[in-house]
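In terms of the numbering used here, the sequence shown is residues 0 to 73.
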Amino acid sequence: MEPFKERFNAPLVRAMAAHLQRVMPGFDGPRFCHIALQGLDALELKARSRQITRALVATLPASFSPCLTFLCRI
């Protein structure tokens, strides 16, 4: 059985980008993937989670309200 951290992987990041691009016009999926995937394989679970969170912060609108509207559509 693989470690749970392996679920935080490139296919998950790409799926997140695809869902966000579908509901959020102008979402920069390639940039999100680039940030989220940098060195992801070498990281442990919490670090992988933080890396993906940083990618979201870098690519989602700064205002929470519009983000919430889009995220509820996923």
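Even for Gly, the Cβ is constructed at its ideal location relative to N, Cα and C. What you are looking at is a predicted structure, and each value in this text was computed from that prediction instead of being measured.
What residue from 9, 27, 64 and 20 has the CA that sits closest to residue 40's CA? Numbered from its first residue, the sequence shown carries residue 40 at position 41. Checking every option, the nearest Cα to that of residue 40 belongs to 9.
Segment limits, alpha helix (DSSP H) that includes residue 0: In the sequence shown, residue 0 corresponds to position 1, counting from 1. Segment: none, residue 0 is in no alpha helix (DSSP H) and carries neither H nor E.
CA nearest to the CA of residue 28, picked from 56, 3 and 44: For the purposes of this step, residue 28 is taken as residue 29 along the sequence shown, with counting starting at 1. Of the listed residues, the one whose Cα sits closest to residue 28 is 56.
Give, in chain order, every unbroken run of the alpha helix (DSSP H) that is at least 4 residues long and sits entirely within the segment 11–56. 28–36
Between the alpha carbons of residue 74 and residue 22, how many angstroms are there, rounded? No answer is possible for residue 74: it lies beyond the span of the chain, which begins at 0 and ends at 73.
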